[in-house]
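Please read the structure below before turning to the comments.
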Amino acid sequence: MTAVSYPAVFHHENPGFWVEFPGLPGCFAQGNTIEETYEMAMEAMSLYLDQTDDIYERSIPSPSEMDFVVRDHQNDLVMLITCDSLGYAKRFKTKAIKKTLTIPEWLNDLAIKNNINFSQVLQDALIEKLCPISAGHKK
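FYI, in this note's numbering the residues of the sequence shown are 6 to 144.
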């Protein structure tokens, strides 16, 4: 999953706002302004949808139908919020992870002689292989 949109319902409560996602039980956010609440909603949805550290398999519900959400919340602001899971990971999951790998000795020697940064080459290759659309936008 790279990008997905869910309807969000914004509620005004003095002095601020709170937002819920009818299709994502337990996913809420709040803020002082509508703009801040929108930003917090994007982050809350990203955290909710991120399954990287899940111990147990869990299914993510499909987005609610916008028409039904609007019908059920006629007195509230309803808008789609998009979560870009790859963009979220690039922005917030930047901790370096040590990996051990094996390459032939001749290739190692040649790379060292040419001042090759092994980590950067591996990152570039993984991005090219796993994220070909975003390969031109590495960071």
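Each residue gets a CB set at the ideal place from its N, CA and C atoms; glycine is no exception.
Asked, Found
"In DSSP terms, what F22 is bridged to", "H17 and G36"
"D77: first and last residue of the uninterrupted beta strand (DSSP E) it sits in", "No beta strand (DSSP E) holds D77; the alpha helix (DSSP H) holding it covers M71 to D77."
"Limits of the unbroken beta strand (DSSP E) element including L82", "L82 to D89"
"Option nearest V9 by Cα separation, candidates I102, A94, T87 and F97", "T87"
"Same chain only: Cβ atoms within 8 Å of M45, ignoring 5 sequence neighbours per side", "V24, A34, Q35 and G36"
"Beta-ladder partner(s) of Y11, from DSSP", "I86"
"Cα-Cα separation, Q128 to T107", "16 Å"
"For K104 and L135, the rounded distance between their alpha carbons", "17 Å"
"Proximity below 8 Å, CB of F22 to CB of F15", "yes"
"Cβ-Cβ distance between G28 and P68 below 8 Å", "yes"
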